[in-house]
Each structure stands twice: as structure tokens, then as C-alpha cells.
Amino acid sequence: MILDSRNEFADATALSTAATGLALVGNVIDLGTDGVNDVDGMYLVVQVDTAVTSGGSATVEFQLASDAQAAIATDGSATVHTKTAAIAKATLVAGYQVCAIELPKGTYERYLGILQNVGTAALTAGKVNAFLTNNPQTWKAFDAPFQA
Numbered sequence: 140m141i142l143d144s145r146n147e148f149a150d151a152t153a154l155s156t157a158a159t160g161l162a163l164v165g166n167v168i169d170l171g172t173d174g175v176n177d178v179d180g181m182y183l184v185v186q187v188d189t190a191v192t193s194g195g196s197a198t199v200e201f202q203l204a205s206d207a208q209a210a211i212a213t214d215g216s217a218t219v220h221t222k223t224a225a226i227a228k229a230t231l232v233a234g235y236q237v238c239a240i241e242l243p244k245g246t247y248e249r250y251l252g253i254l255q256n257v258g259t260a261a262l263t264a265g266k267v268n269a270f271l272t273n274n275p276q277t278w279k280a281f282d283a284p285f286q287a
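Structure follows, in C-alpha cells:
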């Protein structure tokens, strides 16, 4: 998998533990004044670096959003291009790959970033890696059930 630091949103970046709801995670990518319309073959990858914890039964949804401002809005006005399902904290352990989603076609605003949407209970800890790549690692080894 090829990584480019300029296409990286988060590198072992702590998730917000302030409250439930939307929060910006890590850095944003400046797409320039023309934005981006042709995103063929680019993937959003989100991975858990450090296990997510909470005092309650928290869930986390990750959203790829763009906005006209660098501090991507967390009031629901940013353009959401794709998002994951709400994932229970027990699933979000170190090494878990949340997603490797091909970016949808469409018009993106100037700034691109990742939002976390925490439900049920605030988080107490957790770190993620999030980045864009054109060749995500999707291969996974499995035990062969027919081998002794």
C-alpha cells in the first residue's frame, strides 16, 4: 500500500473525548480552489491504532466530508461524501480496519476531512489512522479448513 503524507488525515490521532456528536479528526486536505471532480481509483482507509474505550456503550461512525472552510463544520452543514455504519466500541480494537471505501464521484468542496460521529456515550480513549490511497491493502490470510 502506498502512503503519501499529504493525503493523510490522521496518524495515530486521538479521537475526541469531549462528548457525543460530530467532531473533526486530525488534519484536512486542501484540494485547491477548483475542488476535485475526478476521484477514480482513490480509497479512504480508516484503521484503529489504539482501542476505542468509553464509560458506556458508545458507537462511532466515520464520515468523509468536504467544506468550503478548513475547519470542517460539525453542525451538519458540511458535504458528506461517504460514511461507515455506527460501529460498537467493542469492535474498535487495535488493528481493526474500519473501512477501505472507494471515493464516490461527485463535486468536492475545497477542504476534505474526516468526522467522527459518536453516539450513546462519550469516548474515553482511542486513536485512528485515516488516509487516502490508490491501492488499499485488502488481502487477508485465512486458515484453510481442509488442512490438518
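Here my numbering is used: the first residue of the sequence shown is 140, the next is one more, and so on. Note that beta-carbon positions come from the ideal geometry of N, C-alpha and C, so glycine has one too. Values in this document were obtained by computation on a predicted structure and should not be read as measured data.
Residue i - containing beta strand (DSSP E), residue span
i      : result
Gly215 : No beta strand (DSSP E) holds Gly215; DSSP gives it neither H nor E.
Gly236 : In the sequence under discussion, the amino acid at residue 236 is Gln, which differs from the Gly named in the question. Its beta strand (DSSP E) spans residues Gln236 to Glu241.
Glu200 : Thr198 to Asp206
8 Å CB neighbourhood of residue i in its chain, flanking five on each side removed
i      : result
Asn273 : Ile141, Gly180, Met181 and Tyr182
6 Å CB neighbourhood of residue i in its chain, flanking five on each side removed
i      : result
Leu161 : Thr213, Leu254 and Asn256
Ala217 : Ala204, Asp206 and Ile211
Sub-9 Å separation of residue i and residue j beta-carbons
i      : j      : result
Ala261 : Gly194 : yes
Lys266 : Ala158 : no
Gln202 : Tyr235 : no
Ala264 : Leu154 : yes
Contact set for residue i: own chain, Cβ-Cβ below 7 Å, skip 5 residues either direction
i      : result
Ala209 : Val167 and Tyr250
Pro275 : Met140, Tyr182, Val184 and Ala239
Ala233 : Val187, Asp188, Thr189 and Ala190
As assigned by DSSP and simplified to three states, the class of residue i
i      : result
Ala283 : coil
Ser193 : strand
Ser155 : coil
8 Å contact criterion, which residue i and residue j should meet: CB distance rounded
i      : j      : result
Lys228 : Ala197 : 5 Å
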